[in-house]
Amino acid sequence: MLTFWERTARDWKHFGPPLRPSGPDVARFEALARGEAERRGRALSALLCGVTPEIAGMAWPADTRLTAVEQSIEMIREVWPGDRPGFRVARQGNWQAPPPEPGSYDLVIGDGCFISVGFPEGCREFGASLRRALRPDGLLVMRCFVQPETREPVERVWADLEAGRIGSFHVFKWRLSMALQPAPEAGIGLAEIWDAWSRGPLTPEQVRKNTGWPEAAIATMDLYRGREHRFHFATEAALLRALQATFRLESRHVPPYELGERCPILAFRPV
Ligand SMILES: C[S@@+](CC[C@H](N)C(=O)[O-])C[C@H]1O[C@@H](n2cnc3c(N)ncnc32)[C@H](O)[C@@H]1O
Numbered sequence: 002m003l004t005f006w007e008r009t010a011r012d013w014k015h016f017g018p019p020l021r022p023s024g025p026d027v028a029r030f031e032a033l034a035r036g037e038a039e040r041r042g043r044a045l046s047a048l049l050c051g052v053t054p055e056i057a058g059m060a061w062p063a064d065t066r067l068t069a070v071e072q073s074i075e076m077i078r079e080v081w082p083g084d085r086p087g088f089r090v091a092r093q094g095n096w097q098a099p100p101p102e103p104g105s106y107d108l109v110i111g112d113g114c115f116i117s118v119g120f121p122e123g124c125r126e127f128g129a130s131l132r133r134a135l136r137p138d139g140l141l142v143m144r145c146f147v148q149p150e151t152r153e154p155v156e157r158v159w160a161d162l163e164a165g166r167i168g169s170f171h172v173f174k175w176r177l178s179m180a181l182q183p184a185p186e187a188g189i190g191l192a193e194i195w196d197a198w199s200r201g202p203l204t205p206e207q208v209r210k211n212t213g214w215p216e217a218a219i220a221t222m223d224l225y226r227g228r229e230h231r232f233h234f235a236t237e238a239a240l241l242r243a244l245q246a247t248f249r250l251e252s253r254h255v256p257p258y259e260l261g262e263r264c265p266i267l268a269f270r271p272v
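Under my numbering, the residue at position 166 of the sequence shown is numbered 167, and the numbers go up by one with no gaps.
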């Protein structure tokens with residue numbers, strides 16, 4: 002059976018913000034990369050965790066060399082915008098394994114990676130692994146999906162959906178997922194999110210009629226059905242605590258879109 006990410010690769014085009022980065026995120030990523038290149042006065046060597054096409058295709062400083070590491074060959078095939086000799090290359094690999102060139106990257110960047118590695122131990126180990134990839138004075142840039150300090154009640158998410166107060170299916174899916182998670186350590190199983198959705202007060206057809214959201218976007222929930230994969234949504238404070246042995250926060254940017262407060266772009270330096 003295909004893993005969650007292998008299966009997801011085929012439906013990637015139906016995912017939208019905030020699950021994927023959008024204009025304001027890309028602008029922030031570009032500004033951080035530009036700042037790092039200016040600080041160093043030379044071209045950057047950058048490592049991308051995953052194959053996020055919006056990051057691969059952003060306006061990188063001149064002569065950047067970008068290596069993407071992604072475990073799923075399907076994601077590389079379907080989602081990576083392609084290798085470009087002398088600029089970018091994608092390699093199949095695990096973020097927890099030693100990176101292609103340890104200690105050599107000026108910049109390590111990723112989108113939403115922490116929710117996939119477990120909490121807090123997985124985040125700690127992943128942090129240590131990112132730290133090993135970076136030069137001692139390098140910059141880690143990550144858009145993070147974080148749970149609010151006070152978890153939102155599931156009933157409020159449904160009520161907002163029914164009242165038309167949610168701007169997209171992806172915002173709804175993220176709010177529902179976070180509201181269902183009992184604790185970041187336990188995380189939330191994708192199958193549990195689908196179960197809650199299927200027992201919810203509205204059918205997918207009613208949601209489509211009420212909101213006008215594309216059927217294909219609503220159908221992305223079906224990728225969660227029966228999946229053992231778990232997301233772990235920590236609060237921002239808890240995430241920073243899990244990383245404190247390896248990274249200190251240098252800057253924080255809250256994007257201006259709906260749910261942006263739960264998708265901050267954090268930039269860190271190794272401690
Ligand atoms: C970067 S994350 C989050 C998705 C994100 N919002 C985006 O725009 O790409 C998802 C990707 O990480 C990959 N991934 C998750 N854990 C990994 C690991 N330990 N090593 C390598 N790739 C991993 C998955 O296969 C998937 O392609």
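Virtual Cβ for every residue (Gly too), placed ideally from N, Cα, C.
With a CB to CB cut of under 7 Å and the five nearest residues on each side skipped, what residues in its chain are close to residue i?
| i | result |
| --- | --- |
| Ala134 | Leu48, Pro100, Pro103, Tyr106, Val109 |
| Gln97 | Glu126, Phe127, Ser130 |
| Glu163 | Pro202, Leu203 |
| His254 | Arg29, Pro265, Ile266 |
Quick check: the Cα distance between residue i and residue j, rounded to an integer number of angstroms?
| i | j | result |
| --- | --- | --- |
| Pro185 | Phe120 | 6 Å |
| Ala129 | Gly213 | 44 Å |
| Phe269 | Gly51 | 18 Å |
| Trp175 | Glu39 | 36 Å |
| Trp195 | Gln182 | 13 Å |
| Glu71 | Gly94 | 5 Å |
| Ile77 | Ser252 | 30 Å |
| Lys210 | Glu126 | 44 Å |
| Ser117 | His233 | 7 Å |
| Thr1 | Asp12 | Lying outside 2 to 272, the shown extent of the chain, residue 1 is not represented and no answer is given. |
| Ser73 | Cys124 | 20 Å |
| Glu7 | Glu75 | 5 Å |
| Glu46 | Phe115 | First, the residue type needs correcting, since residue 46 is Ser and not Glu in the sequence shown. C-alpha separation (whole angstroms): 22 Å. |
| Thr68 | Met59 | 14 Å |
| Arg228 | Pro257 | 32 Å |
Which residues in the same chain as residue i place their Cβ atom closer than 8 Å to its Cβ, once the five residues preceding and following it in sequence are excluded?
| i | result |
| --- | --- |
| Arg242 | Pro121 |
| Pro54 | Val80, Trp81, Pro82 |
| Ala192 | Tyr225, Arg226, Gly227, Arg228, Glu229 |
By Cβ distance, which residues of its chain are closer than 6 Å to residue i, with the 5 residues on each side in sequence left out?
| i | result |
| --- | --- |
| Phe173 | Leu162, Ile167 |
| Trp81 | Val52, Ala91 |
| Glu237 | Val147 |
Thinking residue i and residue j are a contact (beta carbons under 8 Å), I'd like their distance in whole angstroms, please.
| i | j | result |
| --- | --- | --- |
| Arg231 | Gly188 | 4 Å |
| Val1 | Ile219 | There is no way to answer for residue 1, as the model of the chain reaches only from 2 to 272. |
Flag this pair as touching only if the region 237-249 and the region 24-36 have three or more C-beta atom pairs under 8 Å; answer yes or no. Short answer: they don't touch.
Counting only runs of 4+ residues fully inside the region 105-142, write out the alpha helix (DSSP H) ranges in chain order. 122-134
Within the chosen definition, does the region 158-166 reach the region 256-271 through at least 3 CB pairs nearer than 8 Å? The way I'd put it, the region 158-166 doesn't touch the region 256-271; fewer than three beta-carbon pairs between them come closer than 8 Å.
Segments of 3+ residues assigned as beta strand (DSSP E) that fall wholly inside the region 156-230: Within the region 156-230, no complete beta strand (DSSP E) run reaches 3 residues.
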